[in-house]
Every structure is written in C-alpha cells, then in structure tokens.
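Single-structure report; data block below.
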Amino acid sequence: MNENGTVAEPGGVDVATWDGEAAVSYHDEVWSAWLHGTVAAVHDAGRLLLLVPVAILTPAAVALAMRLYSVGSVKVLD
Numbered sequence: 001m002n003e004n005g006t007v008a009e010p011g012g013v014d015v016a017t018w019d020g021e022a023a024v025s026y027h028d029e030v031w032s033a034w035l036h037g038t039v040a041a042v043h044d045a046g047r048l049l050l051l052v053p054v055a056i057l058t059p060a061a062v063a064l065a066m067r068l069y070s071v072g073s074v075k076v077l078d
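Just so you know, full-length UniProt numbering puts 30 at position 30 of the sequence shown, and the rest follows in order with no gaps.
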C-alpha cells in the first residue's frame, strides 16, 4: 500500500480507501455500491480506481474488491 491508501493491482486497476483525494466526494455512492454487492470505481490518471469503504485497506478488502471487479460487479461513478 502506498502513502495515498491505494494498492496497485495488475491490469491498470488500483484499490483505494474511500477517504483518498479521488473518492472524497463519493462517500454515499461508495457505501451504497458496497452494500448492494458492487464495488464503486472512478477513473484516476489513466487507471481504474476501485473504492472500498474502509479507512485502512486489508488483504480481505482488496481481495473482495478485485473479486467484484473480476465478475463485473462495478459501478463507475464518473
């Protein structure tokens, strides 16, 4: 995990907490997506940033976000 609270994954996809710069205005949407079994995402600097409603990324949160992404359960917010 880097200093911005993101984890880089292969394939141009990163996983980030919902309190980072790119996600700060999307709290309600991120939480709603997570509660409905999807992962919210935004485009950030040419990469897809999966937003997870946690303050600290855990391996389980990253794995779930990537699993939701891999099965196509993604809600792109921008």
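Cβ coordinates follow ideal geometry from the N, Cα and C atoms, glycine included.
Quick one: is residue i buried, meaning 16 or more other Cβ sit within 10 Å of its Cβ, or exposed?
i     : result
Ala55 : exposed
Asp14 : buried
Val42 : buried
Ala60 : exposed
Hey, residue i and residue j: beta-carbon distance below 8 Å or not?
i     : j     : result
Trp31 : Val52 : no
Ala33 : Val24 : no
Leu48 : Ala16 : no
Using a Cβ-Cβ cut-off of 7 Å (strictly less than) and excluding sequence neighbours within five positions of residue i, which residues of its own chain qualify?
i     : result
Asp78 : Val42 and His43
Roughly how many angstroms lie between the CA atoms of residue i and residue j, to the nearest whole one?
i     : j     : result
Ala45 : Asp28 : 23 Å
Ala63 : Tyr69 : 10 Å
Glu21 : Leu57 : 15 Å
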